[in-house]
Each structure stands twice: as structure tokens, then as C-alpha cells.
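Heads up: the structure comes next, in C-alpha cells.
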Amino acid sequence: MKYSFCPKCGDKLKSVNHENKTRLQCSACGFIFYQNAKPTASVLIENDKGEILLTRRAIEPLKGYWDTAGGFCEEDEHPEDAARREIKEELGVDVELTGLVGIFMDYYGDGGDWTINIHYSGRIKGGDIKPADDIDGYEWFPLDSLPEVAFESGQSALDTLKKMRAK
Numbered sequence: 002m003k004y005s006f007c008p009k010c011g012d013k014l015k016s017v018n019h020e021n022k023t024r025l026q027c028s029a030c031g032f033i034f035y036q037n038a039k040p041t042a043s044v045l046i047e048n049d050k051g052e053i054l055l056t057r058r059a060i061e062p063l064k065g066y067w068d069t070a071g072g073f074c075e076e077d078e079h080p081e082d083a084a085r086r087e088i089k090e091e092l093g094v095d096v097e098l099t100g101l102v103g104i105f106m107d108y109y110g111d112g113g114d115w116t117i118n119i120h121y122s123g124r125i126k127g128g129d130i131k132p133a134d135d136i137d138g139y140e141w142f143p144l145d146s147l148p149e150v151a152f153e154s155g156q157s158a159l160d161t162l163k164k165m166r167a168k
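For the sequence shown, the working numbering gives the first residue as 2, with consecutive numbering after it.
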């Protein structure tokens with residue numbers, strides 16, 4: 002997302018070179034806006050057969066694509082808590098996080114933001130799957146027969162999990 006006005010005083014922002022990067026700076030108060038990556042947390046949910054649960058996106062960006070379950074962290078939220086909350090919101094189940102798969106960079110949507118995507122492995126520990134309205138379906142896939150997923154970070158996480166499980 003690109004900004005035009007200062008969040009402190011409301012005056013116009015202009016592009017400047019600051020610390021060898023193009024930044025937005027307020028013309029009036031001098032506030033420098035740092036466009037930081039947004040953190041996300043996702044869980045590669047596994048069942049007893051070693052299959053991975055993927056969800057089909059019901060919203061843009063990449064509506065209709067398979068995706069790992071998860072979402073954006075709240076401002077004051079630890080990524081592990083965000084991962085559990087997102088799974089509860091999206092799928093209606095409680096998960097136990099069993100490990101950290103990895104941290105991957107990505108870009109969210111056309112004209113969107115850079116993201117830092119933290120992927121955990123996990124298992125359902127309670128509840129029945131009831132997808133929320135931002136999910137158009139779900140399916141369990143064998144780790145060696147995964148479909149193309151929406152975001153590069155999700156694909157990288159799945160590839161990393163495959164390598165971890167092959168050891």
C-alpha cells in the first residue's frame with residue numbers, strides 16, 4: 002500500500018533518499034515513514050497419515066488458489082498466538098504447533114505489501130473443521146502430491162517441510 006499523507010500531521014509525504022533507501026517524508030513535520038514488511042503466521046497442518054491440509058481462497062488476492070492456513074499478525078501479537086488464532090478463525094479448530102518450518106519473504110497482492118511469513122507445522126487438537134467465509138473449501142493432500150499454492154512463501158514452506166520429513 003502506498004501512502005500520500007503523513008499519519009502524524011496530515012500533510013503531504015514526498016519521496017526522499019534516507020539511509021540509502023527511498024523513503025516517504027512529511028513536507029511539514031519531517032516525519033519519516035518506514036514501509037516495513039507485514040508479519041504473517043501460518044500452520045502446515047498435518048494429520049496422522051502425513052497429509053497436509055490446504056485451503057482454497059474465497060477472496061482476492063489469488064481467489065480460487067490453494068493456500069496454507071494462516072493470516073496477518075495483530076500489532077501486539079506473538080506469531081505463535083497469531084497462528085493459533087488464525088486457524089481458529091479460518092477453520093474453527095484448535096491446533097498444537099509442533100515446530101517452526103521457516104520464515105519466508107513474499108509480496109501480498111498487486112500493489113500490496115511485502116510480508117514476512119512465519120510457517121509452523123502443527124496438528125489439530127480439538128474441534129471439527131468449519132471453514133470461514135474467506136475459505137472456499139479445504140482438502141488433505143499427500144506431501145508428495147501437493148497442488149500449486151497461492152503464494153511463493155507457502156510453496157517455499159511446503160518444500161522445506163518435504164525436506165524436513167525426508168530426513
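Backbone N, C-alpha and C define an ideal beta-carbon position, used for all residues, glycine too.
Judged by their CB atoms, glycine 93 and tyrosine 121 are not nearer to each other than the 9 Å cut-off. Annotated three-state conformation of alanine 158 is helix, per DSSP. Rounded to the nearest angstrom, the Cβ distance from tryptophan 115 to alanine 38 is 4 Å, consistent with a contact under 8 Å. Buried is the label assigned to arginine 58, since at least 16 other Cβ atoms lie within 10 Å of its Cβ. Pairwise C-beta distances place the segment 46 to 57 in contact with the segment 143 to 150, as three or more of them are shorter than 8 Å. The beta-carbon separation of aspartate 68 and glycine 155, rounded to 6 Å, stays under the 8 Å limit for a contact. Of all C-beta pairs linking the segment 122 to 138 to the segment 95 to 114, three or more are shorter than 8 Å, placing the two stretches in contact. For leucine 25, the closest C-alpha among the options Lys9, Thr41, Cys10, Ser5 is that of Ser5. Cβ-Cβ distances below 6 Å link lysine 131 to Gly93 in the same chain, with the five nearest sequence neighbours on each side left out; the list follows chain order.
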